[in-house]
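Chains as they are written, first to last, in our numbering: chain A, 50 to 383; chain B, 50 to 383.
In what follows, a single structure is set out as structure tokens and then discussed.
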DNA sequence: CTGTTAGCGCATTCAT
DNA sequence: ATGAATGCGCTAACAG
């Protein structure tokens, strides 16, 4: 016995109305007499009819699904954003097609193509890196796209994030204030605008404010993982730096533990400020001081922005910077 | 200028062939003369034609997307499974529609309905809880469903996981071996079969093997989060237990830190074994001993199983138990 | 190897 | 308030 899919046509016949009417009640169109609506609803229940979203998508040209491109769900930062996105998406009856892109541009392009082929109504991009090919691809589609947790360095795309430059500048200034002369900047790929452009600019700005000369050897680039943090700890230790700003909590935890294992006392000998305030910052000992990004909110607001764009609504602010805070725990003095 | 979507028909006309032929080259059907294939490919490139997956889905009755239902991406365990799923899905050209269900059964039902309406070709379920309504819903659809990282307590659904009972039994036995008379069992909701049925059974089995009487007051049920772990630590401390098996790394980290803050020395005064061996276990100090679940593999194998089911292939083993290991770090003696 | 013909299940004019 | 007709873009027999 094959799955006898029952269609809008079946209910129409059974209810003695036209399929147009059934379509109307299913879509909540008010132009239906209450009694016919009830009749149709009854048949729908009786036949256990379920609208086919694919057919609906083809006919209406709206898929009610949005694509999400992120480097890796496994990273707490991206997962939190995704959670925010998913929650407001659900609120607006959208579904999420999620794609892990890793760091490869080719993969990102492939993934975008995929999403577009599926006729997603919009996409949210959390990849941090972006090159010209990808930018062109974004530009060549009419499908709305918003960046979440990162900013296009050309500001061409709508985005929701925090002011990364300012956040880092604050962090570094704080570190300098407590007496550190040599502060390290530890981040994921410098190729990514968030790191190479905004965060690094904040770092340099703070140095300048404090009349400290920028020292290239204090900039550490690494993979975005706990193990990578552990690994780079010894390099940092031998750099003579006495403090560091780190762009990712996983990396920061690695640096913290790596340094500690090397006999470096945190925060007495070395101070650390991390970036995302995920649970990780509270799990490690000493607990990490951190920038507080409203991750969930970034995702939620990005999704909200996207709904507006998809509806063709005017949005006055296409590049939204949410407020951030700082929390000082045990990895900083004072 | 509206986005003039160009269709298979445009390509056909421009290339001087029928749409059937275009469809063939797009789908890699071998029955096309190389030269016509080339001609068509050229036109496709020239017109920048992109197949519409929705239309394709409607016509072929296959959406090449699979639905994933998980409690919360934000949990490292589920995120890791999701990663495994996504990677092999990509390998087989499937896309993932991800839905966070939290713990609510109603939400799960709603989410499943959604997925089915979108005509997903299969679904992977990682929710741990399952009640009769949900079981019925699963049973009433022809869409293949596989459980990942959890087992249907009635074994009615295909699943991929580890032998949770055995894993816990090993853990508890080890704890008893090192001299602990009172070992606590700390887990997420006991309502979930993984916890209430399998894990708890392993706990009891180990007690029985060692002729220790089961003590209800040593069973702690809590939310699945770091903060919840912190909170329950004091209760555990006053229970006189000297060791604990914990079902989630986040909870375990909370218990560990909570206990430590209470002045309890780990592992001297209290031993802990956790369950998922996520990075968390290595970030905390002392590092957590843990069951090692091949999380990524569970996801990957589950997805692979699903592809077989979707192809109607025979599978001899519908309930797969992947091997697990134990890693002993600093939260256990010896 | 290639073209013709039907739908897939639904939303949407346009009439009535 | 309701029905009839059309087509969304593509796959899948079936011919030839």
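Ideal Cβ positions, reconstructed from N, Cα and C, are used throughout, including at glycine.
Quick caveat, the model's predicted, so the values are computed rather than measured.
When the beta-carbon positions are compared, residue 150 of chain A and residue 118 of chain A come within less than 8 Å of each other.
Pairing residue 254 of chain B with residue 292 of chain B gives a Cβ-Cβ distance that is not under 8 Å. By the neighbour-count criterion, in which 16 or more other beta carbons inside 10 Å mark a residue as buried, residue 69 of chain B falls on the exposed side. Short of 8 Å from the beta carbon of residue 182 of chain A, and not among the five residues preceding or following it, lie these beta carbons of its own chain, in chain order: 154, 158. Taking 8 Å as the threshold, the shortest C-beta distance from residue 123 of chain A to chain B falls below it.
Across the structure, residue 224 of chain A and residue 259 of chain A are spaced so that their CA atoms are roughly 11 Å apart. Taking the C-beta atoms as reference points, residue 341 of chain A is found no nearer than 8 Å to residue 294 of chain A.
Below 8 Å, enough C-beta pairs join the region 353-368 of chain B and the region 201-211 of chain B to call them touching: three or more. Contact note: residue 329 of chain B reaches chain A through 329, 332, using a C-beta cutoff of 8 Å and chain order. Counting C-beta atoms within 10 angstroms of its own C-beta, residue 242 of chain A has 16 or more neighbours from the protein chains shown and is therefore classed as buried.
Within chain A, no C-beta atom comes less than 8 Å from the C-beta of residue 356 of chain B; the nearest is roughly 17 Å away. Judged by DSSP in its simplified three-state form, residue 232 of chain B adopts strand. Among the CB atoms of chain B, one or more fall inside 8 Å of the CB of residue 103 of chain A. In terms of Cβ geometry, residue 235 of chain A and residue 192 of chain A do not form a close pair [threshold 8 Å]. Only exposed fits residue 263 of chain B, as fewer than 16 other CB atoms lie within 10 angstroms of its CB.
Within the region 168-189 of chain A, 168, 189 place their CB atoms closer than 9 Å to a CB of chain B, listed in sequence order. Contact of residue 299 of chain A with chain B by beta-carbon distance below 8 Å involves 328. Between residue 60 of chain A and residue 92 of chain A a beta carbon distance of about 5 Å is seen, short of the 8 Å cut, so the two are scored as contacting. With the rule of 3 Cβ pairs closer than 8 Å, the region 165-185 of chain A counts as touching the region 99-111 of chain B.
By the beta-carbon neighbour count (other beta carbons within 10 angstroms, threshold 16), residue 311 of chain A is exposed. Collapsing the DSSP output to three states places residue 176 of chain A in coil. Between residue 132 of chain B and chain A, the shortest Cβ-Cβ separation is below 8 Å. The Cβ of residue 149 of chain B sits closer than 8 Å to at least one Cβ of chain A. Apart from the 5 residues on each side of it in sequence, residue 196 of chain B sits with its Cβ closer than 6 Å to the Cβ of 174, 206, 208 in its chain, given in chain order. In this structure, residue 124 of chain B and residue 299 of chain B form a Cβ contact; the two beta carbons are roughly 7 Å apart against a cut-off of 8 Å.
Residue environment: residue 54 of chain A is assigned as exposed (fewer than 16 neighbouring CB atoms within 10 Å of its CB, all protein chains considered). Residue 274 of chain B and residue 237 of chain B have their C-alpha atoms spaced approximately 9 Å apart. Taken in chain order, the complete beta strand (DSSP E) segments of 3 or more residues contained in the region 109-182 of chain A are 114-119, 144-149, 171-174. Beta-bridge pairing by DSSP links residue 269 of chain B to B:235. Near chain A, meaning a CB-to-CB distance below 7 Å, the residues of the region 79-107 of chain B are 99, 100, 101, 102, 103, 104, 106, 107. As the crow flies, the alpha-carbon of residue 71 of chain A is around 9 Å from that of residue 90 of chain A. Of the candidates A:359, A:189, A:126, the residue whose Cα lies closest to the Cα of residue 347 of chain A is A:126.
Using a CB distance cut-off of 8 Å, residue 271 of chain B does not count as an interface residue toward chain A.
Residue 287 of chain B and residue 358 of chain B have their C-alpha atoms spaced approximately 50 Å apart. Of all alpha-carbon atoms in B:371, B:110, B:377, the one lying nearest the alpha-carbon of residue 331 of chain B is that of B:377.
With fewer than 16 neighbouring CB atoms inside 10 Å of its own CB, residue 361 of chain A falls in the exposed class.
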